[in-house]
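J.:
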Amino acid sequence: MKRFLLSFAALAALSAVSMFAEVTVIQNGTIITITKGTFKGSVVIRDGKVVEVGEKVMVPPGATIIDAGGQFVMPGIIDCHSHIAGEGNINEGSVSVSSMVDIKDILNPEDIAIYRALAGGVTSANILHGSANAIGGRTIVIKTRWGVERAKDLVFEGATPGIKFALGENPKRSGNVQQTPGAANARPARYPATRMGVEDVIREAFNDAKAYQADWKEYNAKVAKGERVAPPRRDLKLDALVEVLEGKRFVHAHCYRADEILMLIRVADDYGFKIRTFQHVLEGYKVAKEIQQHGAGASTFSDWWAYKLEAWDAIPFNAAIMQKKGVTVSLNSDDAELMRRLNTEAAKVVKYGGVSENEALAMVTYNPAKQLGVENRVGSIEPGKDADMVIYDKHPLSNYAKVQKVLIDGKVYFERDKDMSGRALKDAEKKKLLDKEKQEQDRQRNEQKKNAPTRRPANAE
Amino acid sequence: MKTVLALLLCASGLLAETPSAIAIRNAKVVPVSGPVLQKGTVVLKNGLIEAVGENAAIPADAWVIDGEGLTVYPGLVDGLSTIGLPGFGPATPAAAAGRGGGGGGQRQAAAQTTTPAPFARGPEDRPQTSSWLRAADQIDASDRRIETARNSGYTSSVTFPTRGIFAGQGAVIALAGNERAGSMVIAAPVGQYVSTQPTGGFGGGFPNALFGVISYIRQIYLDADQYQKAKAMYAADPRGMARPPYDRALEGVIESPRILMPGRHFVEIDRNILLAKEFKQSLVLYGGHDGYRAADLLKQGGTTVLVSLKWPERARDADPDENQTMKEITLRDKAPSTPAVLAKAGVKFAFYTDGVEGRANVYKAVRKAIENGLSFDAALKAMTLSPAEIFGVSDRLGSIEKGKIANIIVTKGDLFQDKTEVKYIFVDGVKYEPAPEEPPAGAGGRPGGAPTTPNDNQGGNQ
Numbered sequence: 001m002k003r004f005l006l007s008f009a010a011l012a013a014l015s016a017v018s019m020f021a022e023v024t025v026i027q028n029g030t031i032i033t034i035t036k037g038t039f040k041g042s043v044v045i046r047d048g049k050v051v052e053v054g055e056k057v058m059v060p061p062g063a064t065i066i067d068a069g070g071q072f073v074m075p076g077i078i079d080c081h082s083h084i085a086g087e088g089n090i091n092e093g094s095v096s097v098s099s100m101v102d103i104k105d106i107l108n109p110e111d112i113a114i115y116r117a118l119a120g121g122v123t124s125a126n127i128l129h130g131s132a133n134a135i136g137g138r139t140i141v142i143k144t145r146w147g148v149e150r151a152k153d154l155v156f157e158g159a160t161p162g163i164k165f166a167l168g169e170n171p172k173r174s175g176n177v178q179q180t181p182g183a184a185n186a187r188p189a190r191y192p193a194t195r196m197g198v199e200d201v202i203r204e205a206f207n208d209a210k211a212y213q214a215d216w217k218e219y220n221a222k223v224a225k226g227e228r229v230a231p232p233r234r235d236l237k238l239d240a241l242v243e244v245l246e247g248k249r250f251v252h253a254h255c256y257r258a259d260e261i262l263m264l265i266r267v268a269d270d271y272g273f274k275i276r277t278f279q280h281v282l283e284g285y286k287v288a289k290e291i292q293q294h295g296a297g298a299s300t301f302s303d304w305w306a307y308k309l310e311a312w313d314a315i316p317f318n319a320a321i322m323q324k325k326g327v328t329v330s331l332n333s334d335d336a337e338l339m340r341r342l343n344t345e346a347a348k349v350v351k352y353g354g355v356s357e358n359e360a361l362a363m364v365t366y367n368p369a370k371q372l373g374v375e376n377r378v379g380s381i382e383p384g385k386d387a388d389m390v391i392y393d394k395h396p397l398s399n400y401a402k403v404q405k406v407l408i409d410g411k412v413y414f415e416r417d418k419d420m421s422g423r424a425l426k427d428a429e430k431k432k433l434l435d436k437e438k439q440e441q442d443r444q445r446n447e448q449k450k451n452a453p454t455r456r457p458a459n460a461e
Numbered sequence: 462m463k464t465v466l467a468l469l470l471c472a473s474g475l476l477a478e479t480p481s482a483i484a485i486r487n488a489k490v491v492p493v494s495g496p497v498l499q500k501g502t503v504v505l506k507n508g509l510i511e512a513v514g515e516n517a518a519i520p521a522d523a524w525v526i527d528g529e530g531l532t533v534y535p536g537l538v539d540g541l542s543t544i545g546l547p548g549f550g551p552a553t554p555a556a557a558a559g560r561g562g563g564g565g566g567q568r569q570a571a572a573q574t575t576t577p578a579p580f581a582r583g584p585e586d587r588p589q590t591s592s593w594l595r596a597a598d599q600i601d602a603s604d605r606r607i608e609t610a611r612n613s614g615y616t617s618s619v620t621f622p623t624r625g626i627f628a629g630q631g632a633v634i635a636l637a638g639n640e641r642a643g644s645m646v647i648a649a650p651v652g653q654y655v656s657t658q659p660t661g662g663f664g665g666g667f668p669n670a671l672f673g674v675i676s677y678i679r680q681i682y683l684d685a686d687q688y689q690k691a692k693a694m695y696a697a698d699p700r701g702m703a704r705p706p707y708d709r710a711l712e713g714v715i716e717s718p719r720i721l722m723p724g725r726h727f728v729e730i731d732r733n734i735l736l737a738k739e740f741k742q743s744l745v746l747y748g749g750h751d752g753y754r755a756a757d758l759l760k761q762g763g764t765t766v767l768v769s770l771k772w773p774e775r776a777r778d779a780d781p782d783e784n785q786t787m788k789e790i791t792l793r794d795k796a797p798s799t800p801a802v803l804a805k806a807g808v809k810f811a812f813y814t815d816g817v818e819g820r821a822n823v824y825k826a827v828r829k830a831i832e833n834g835l836s837f838d839a840a841l842k843a844m845t846l847s848p849a850e851i852f853g854v855s856d857r858l859g860s861i862e863k864g865k866i867a868n869i870i871v872t873k874g875d876l877f878q879d880k881t882e883v884k885y886i887f888v889d890g891v892k893y894e895p896a897p898e899e900p901p902a903g904a905g906g907r908p909g910g911a912p913t914t915p916n917d918n919q920g921g922n923q
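Each protein sequence line maps, in turn, to chains A and B. If you count the first sequence from 1, position 250 lands on 250 in our numbering, and the numbers rise without skipping. Whatever position you read off the second sequence (first residue = 1), add 461 for our numbering.
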């Protein structure tokens with residue numbers, strides 16, 4: 001009897017789950033799936049995943065309906081190069097190899113830039129260490145889940161972590177602080193100061209990593225044989241590089257010039273690892289074939305150039321040319337402000353490079369997903385994928401398009417109407433708190449006055 | 462030993478006579494660890510609490526204080542401070558030349574135990590680390606803050622060196638006016654003070670960013686783990702094995718029973734709970750103002766919190782037209798409710814002064830927590846028994862119990878009130894009279910903090 005009751009309870013619980021499964025249907029919109037065409041139709045979301053996409057879908061009873069009539073639904077934007085959501089400096093610029101540091105340790109879910117990126121349609125971002133070091137810190141992919149309290153809830157679970165490399169002017173100049181020789185605060189200049197030195201730093205670091213890897217292999221072999229040996233030291237700096245050698249950590253390399261791109265490909269080939277993405281890669285169009293052969297992706301700017309000498313040869317056709325040569329190309333922001341309008345960055349590629357509208361949008365959705373190794377989860381609207389979507393009122397490549405709603409894991413994280421109507425409420429709330437504080441201050445001041453001893457002549461008594 | 466001490470005190474003219482026992486009778490006794498006695502007697506002998514009770518026997522030779530209308534509390538404990546380490550500001554670690562004092566209070570400017578390493582190229586250079594530095598070795602009895610704190614009712618403090626990433630090891634000290642600093646130490650080491658504040662500038666050595674500091678702390682714990690394993694193996698059989706190099710930075714970390722890390726805002730609280738768990742360290746967070754948001758996290762992790770009594774306030778000279786964020790306004794509004802929230806959630810916490818000085822200021826800060834929902838009893842506990850528990854000394858400190866250290870205060874009126882008069886302060890059974898809140902500027906000759914005998918007072922001796 002008891003067992004019967006228990007199983008009955010279990011059944012009830014099960015049916016409760018299915019009854020209250022969170023189902024959302026986005027209806028009547030122009031669905032830009034990226035991978036499966038664009039059409040007027042609907043998307044069915046169940047428990048955070050897309051379950052059906054089509055012109056006609058079955059609407060389950062009790063589903064939450066989002067009417068996207070006259071609007072455009074596309075996959076959430078993915079920024080392959082961002083520095084938001086971190087607390088403190090994102091450059092551990094004191095050393096030329098800073099692979100011991102990890103963006104994951106300083107994720108800050110309260111950074112307002114997350115909300116602004118979200119409001120610009122971004123649902124995932126590759127958060128990178130800065131470019132002050134030949135080998136920089138560890139990186140992490142996040143979802144822009146604004147409102148979560150804990151840093152760990154920002155993390156894109158299951159996404160392969162990365163590491164930042166940087167070539168060219170930034171790593172060679174960052175350590176060479178201008179100072180008077182012999183001054184009290186004089187510091188030793190940081191090596192390297194040339195592009196040759198940058199290559200050397202990377203090679204030396206991987207020499208160390210290989211030796212370290214061998215030490216641990218030897219130790220483990222000895223332990224397995226029952227020998228008595230003290231363990232080698234764990235080195236966080238080299239741990240990350242061993243992970244690169246083992247293909248467990250993606251290399252995202254900041255670069256501009258063709259020569260340094262080719263240099264890094266040679267280094268990677270020599271040491272037997274892969275560059276996952278070249279970042280910025282402004283002269284990528286010159287060496288697109290080599291990038292494609294290495295199997296690397298390219299994440300570039302749409303039309304920024306000539307802001308420094310090593311960006312002199314940049315052209316707005318870069319993305320289109322690399323794409324035509326078979327490279328997976330994405331467009332990134334590298335900037336909290338530009339991050340809010342990556343859709344119009346994609347539009348520039350249509351204008352300059354003659355890339356199709358769908359391919360251009362893929363450069364801010366599906367292609368960056370591929371570059372980050374999460375294309376089975378996000379980047380297009382397909383059954384089985386995470387329901388990360390953005391709804392625009394106009395075509396997303398239009399200057400006039402405004403983000404109306406953004407969903408991550410099927411949950412609405414941004415709603416333009418709510419934001420606008422909520423502003424007055426927020427102001428009122430703020431005023432209330434300030435008034436309360438003011439009243440308290442006044443009360444204390446009065447009390448102090450009351451309690452203060454009255455002045456009287458010293459000999460009054 | 463006690464006789465020697467008494468003789469010394471006599472020689473320096475501070476004490477005319479030392480009573481063998483002191484009894485406070487007919488007073489309201491608030492033991493904190495047990496129910497309040499409306500009319501009780503507390504007997505102090507040889508620096509310890511000899512007896513507590515409604516009918517506790519008063520030894521024949523005891524000096525008796527009539528406690529009619531007075532209340533006896535355990536002496537307050539400052540949960541975290543640099544009291545006893547004068548001038549402990551942000552600079553390179555400095556250490557006193559030797560232990561034991563003897564110089565009559567005026568110590569020489571501290572000698573460096575370490576050569577400053579302004580430029581570190583990585584964790585191997587042990588940047589901003591003085592984990593081996595022990596507060597117990599550095600106590601300077603002439604620190605004027607000892608008397609200031611005592612006047613507010615504090616009879617002990619948890620004192621830590623606070624410079625650098627691994628700043629050093631703390632000690633629980635009695636706020637006595639002892640000539641010998643060593644006799645002030647109640648327990649040491651009681652933990653390692655860790656700061657995550659990067660101090661290196663760009664081009665100025667590792668680490669220069671928060672995540673650099675965190676990676677350094679993580680590397681230290683990995684190194685300590687390996688160091689301990691290698692040392693144990695070597696100790697077991699040194700033959701045929703290269704000896705592990707001695708590393709004082711790791712020694713200091715290993716001998717610390719717990720770590721203190723900042724927990725000033727929610728994200729930091731969350732982060733440092735996770736880090737301490739990763740490092741397998743028992744964690745005490747300091748700061749705690751955002752704790753009202755983090756009660757669940759703190760409860761789950763069994764984390765204890767030192768809550769700063771320096772409540773966030775808007776700067777007096779702030780531009781009134783300046784736009785303030787909702788975050789800062791909310792923190793100012795909610796921070797004082799943190800103690801009440803933590804108490805309700807069952808999170809162990811203690812107060813620390815964090816630079817708030819003077820009886821009026823300290824009590825006002827405590828009242829602010831009480832006005833925001835904390836019970837008087839909980840507030841008192843957070844300033845007595847809880848800090849003792851957090852630092853593992855509740856077997857000797859923090860409440861009025863037989864056998865514990867005779868650190869108690871006697872007040873006229875309830876504690877923490879604006880007009881509370883602290884009448885007597887006993888540290889290690891030695892009686893001190895609090896100075897007036899604002900000592901007259903011209904009274905240069907007054908011997909600061911000199912213990913007095915009970916018969917100096919109207920309290921009466923029989």
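Idealized CB from N, CA, C, for every residue including glycine. All of these numbers come straight from a predicted model, not from anything done at the bench.
For S174 of chain A, name the three-state secondary structure that DSSP assigns.
T.: For the purposes of this step, residue 174 of chain A is identified with residue 174 of the first sequence, where counting begins at 1. Here S174 of chain A sits in coil by DSSP.
J.: Is it buried or exposed for T365 of chain A, if we count other Cβ within 10 angstroms and need 16 for buried?
T.: Position 365 of the first sequence holds residue 365 of chain A. Result: buried.
J.: Are there any heavy atoms of the ligand MN lying less than 8 Å away from the beta-carbon of R595 of chain B, as far as the coordinates show?
T.: Among the ligands in the structure shown, none appear at all, so the ligand MN cannot be discussed.
J.: Under a CB-based cut-off of 9 Å, is V223 of chain A close to chain B?
T.: Locating residue 223 of chain A in the first sequence gives position 223, where the first residue counts as 1. Judged by the 9 Å Cβ criterion, V223 of chain A is not in contact with chain B.
J.: Taking the CB atoms as reference points, tell me whether E382 of chain A and T33 of chain A lie closer together than 9 Å.
T.: Position 382 of the first sequence holds residue 382 of chain A. Position 33 of the first sequence holds residue 33 of chain A. Cβ distance < 9 Å, so E382 of chain A and T33 of chain A count as in contact.
J.: List the residues that DSSP assigns as beta-bridge partners of L721 of chain B.
T.: Taking the second sequence and counting its residues from 1, one reaches residue 721 of chain B at position 260. DSSP, once it has assigned bridges, lists B:Y654 and B:V745 as partnering L721 of chain B.
J.: May I have the straight-line CA-CA distance separating A369 of chain A from T160 of chain A, to the nearest angstrom?
T.: Locating residue 369 of chain A in the first sequence gives position 369, where the first residue counts as 1. Locating residue 160 of chain A in the first sequence gives position 160, where the first residue counts as 1. Within the model, the alpha-carbon separation for A369 of chain A versus T160 of chain A is close to 11 Å.
J.: By the DSSP assignment, the beta strand (DSSP E) with H81 of chain A in it spans what residues?
T.: Here residue 81 of chain A corresponds to residue number 81 of the first sequence, with the count starting at 1. It spans I77 to S82 - the beta strand (DSSP E) in which H81 of chain A sits, taken as one unbroken run.
J.: Identify the contact partners of V823 of chain B in chain A, using a Cβ-Cβ distance below 9 Å as the criterion.
T.: Translated into positions along the second sequence, residue 823 of chain B becomes position 362. Neighbours of V823 of chain B on chain A: none; closest Cβ ~16 Å, over 9 Å.
J.: Between the alpha carbons of K104 of chain A and A85 of chain A, how many angstroms are there, rounded?
T.: Within the first sequence, the letter at position 104 stands for residue 104 of chain A. Within the first sequence, the letter at position 85 stands for residue 85 of chain A. Their backbone Cα atoms lie some 10 Å apart in a straight line.
J.: Ends of the beta strand (DSSP E) at P535 of chain B?
T.: Stepping through the second sequence from its first residue, residue 535 of chain B is reached at position 74. Residues T532 to P535.
J.: Who are the near neighbours of A867 of chain B in its chain, counting only those whose CB is closer than 7 Å to its CB and skipping five residues on each side?
T.: Counted from its first residue, the second sequence places residue 867 of chain B at position 406. Around A867 of chain B: L505, G508, L509, I510, F887, D889 and G890.
J.: Pick helix, strand or coil for R138 of chain A, following the three-state DSSP scheme.
T.: In the first sequence, counting from the first residue as 1, residue 138 of chain A sits at position 138. It is a strand residue.
J.: Please report the distance separating the alpha-carbon of P61 of chain A from that of N126 of chain A.
T.: Numbered from 1 along the first sequence, position 61 holds the residue referred to as residue 61 of chain A. Numbered from 1 along the first sequence, position 126 holds the residue referred to as residue 126 of chain A. C-alpha separation (whole angstroms): 38 Å.
J.: Only counting the same chain, and skipping five residues up and downstream in sequence, which positions put a Cβ closer than 6 Å to that of I391 of chain A?
T.: On the first sequence, position 391 is the one that residue 391 of chain A refers to. A68, Q71, V73, Q404 and K405, listed in sequence order.
J.: Specify the secondary structure class of E415 of chain A as computed by DSSP and reduced to three states.
T.: Residue mapping note: residue 415 of chain A aligns to position 415 of the first sequence, counting from 1. Strand at E415 of chain A.
J.: Measure the C-alpha to C-alpha separation of N451 of chain A and F812 of chain B and round it to an integer number of angstroms.
T.: Reading the first sequence from its first residue, position 451 is the one you call residue 451 of chain A. Reading the second sequence from its first residue, position 351 is the one you call residue 812 of chain B. Between N451 of chain A and F812 of chain B, the C-alpha separation is close to 27 Å.
J.: Using DSSP bridges, identify the partner residues of V229 of chain A.
T.: By 1-based counting over the first sequence, the position of residue 229 of chain A is 229. DSSP output for V229 of chain A lists no bridge partner at all.
J.: Confirm, please, whether the CB-CB distance from Y256 of chain A to A298 of chain A is below 9 Å.
T.: Counting from 1 along the first sequence, the entry for residue 298 of chain A is found at position 298. Counting from 1 along the first sequence, the entry for residue 256 of chain A is found at position 256. No, the pair does not count as a contact, with Cβ atoms beyond the cut-off.
J.: Please list the partners that K430 of chain A has in chain B, where partner means a Cβ-to-Cβ separation under 7 Å.
T.: Here residue 430 of chain A refers to the residue found at position 430 of the first sequence. Chain B residues near K430 of chain A: M787 and I790.
J.: Less than 7 Å between C-beta atoms, sequence neighbours within five positions excluded: which residues of the same chain meet that for A843 of chain B?
T.: Here residue 843 of chain B corresponds to residue number 382 of the second sequence, with the count starting at 1. Here the set comprises P800, F810, A811 and F812.
J.: Pull up the distance between the alpha-carbon of N733 of chain B and that of Y212 of chain A, whole angstroms please.
T.: Sequence index remark: in the second sequence, residue 733 of chain B carries index 272 (1-based). Sequence index remark: in the first sequence, residue 212 of chain A carries index 212 (1-based). One C-alpha to the other measures close to 29 Å.
J.: Suppose you measure from the CA of R793 of chain B to the CA of T881 of chain B; what does that come to, to the nearest Å?
T.: On the second sequence, position 332 is the one that residue 793 of chain B refers to. On the second sequence, position 420 is the one that residue 881 of chain B refers to. Rounded to the nearest angstrom, the two C-alpha atoms are 27 Å apart.
J.: Which bits of chain A does F877 of chain B rub up against, with CB to CB less than 7 Å?
T.: Stepping through the second sequence from its first residue, residue 877 of chain B is reached at position 416. Those within 7 Å of F877 of chain B in chain A number zero; the least Cβ separation is about 16 Å.
J.: Taking C-beta pairs closer than 8 Å, name the residues in chain B that K436 of chain A reaches, listed in chain order.
T.: Here residue 436 of chain A refers to the residue found at position 436 when the first sequence is read from its first residue. Those are D794, listed as they occur along chain B.
J.: Determine, for A670 of chain B, whether the minimum Cβ-Cβ distance to residues of chain A falls below 9 Å.
T.: Locating residue 670 of chain B in the second sequence gives position 209, counting from the first residue. Closer than 9 Å: yes.
J.: Specify the secondary structure class of Y392 of chain A as computed by DSSP and reduced to three states.
T.: In the first sequence, the residue the question calls residue 392 of chain A occupies position 392. In this structure, Y392 of chain A counts as strand in the three-state DSSP scheme.
J.: Would you say D964 of chain B lies against chain A (beta-carbon separation less than 9 Å)?
T.: Since the displayed chain B opens at 462 and closes at 923, residue 964 of chain B lies outside it and no answer follows.
J.: Ends of the beta strand (DSSP E) at T609 of chain B?
T.: What you label residue 609 of chain B is simply residue 148 of the second sequence in a count that begins at 1. Note, T609 of chain B: premise wrong, no beta strand (DSSP E); alpha helix (DSSP H) at R605 to N612.
J.: Go ahead and label L407 of chain A buried or exposed: buried means 16 or more other beta carbons lie within 10 angstroms of its beta carbon, across all protein chains shown.
T.: Sequence index remark: in the first sequence, residue 407 of chain A carries index 407 (1-based). When all chains shown are included, L407 of chain A counts as buried.
J.: Taking DSSP's pairing of strands, which residues face I32 of chain A in a bridge?
T.: Your numbering for residue 32 of chain A matches position 32 in the first sequence. Partner(s): A:T38.
J.: Can you name the residues of chain B whose CB is closer than 8 Å to the CB of A151 of chain A?
T.: Position 151 of the first sequence, counted from the start, is the residue given in the question as residue 151 of chain A. V728, D731 and R732, listed in chain order.
J.: How many Å lie between S603 of chain B and M722 of chain B at the Cα?
T.: In the second sequence, the residue the question calls residue 603 of chain B occupies position 142. In the second sequence, the residue the question calls residue 722 of chain B occupies position 261. Taking C-alpha positions only, S603 of chain B is separated from M722 of chain B by approximately 29 Å.
J.: Is D751 of chain B closer than 9 Å to I730 of chain B when the C-beta atoms are compared?
T.: Counting from 1 along the second sequence, the entry for residue 730 of chain B is found at position 269. Counting from 1 along the second sequence, the entry for residue 751 of chain B is found at position 290. If you check the CB distance, I730 of chain B and D751 of chain B come in under 9 Å.
J.: Consult DSSP for M58 of chain A and reduce its assignment to one of helix, strand or coil.
T.: By 1-based counting over the first sequence, the position of residue 58 of chain A is 58. Correct three-state label for M58 of chain A: coil.
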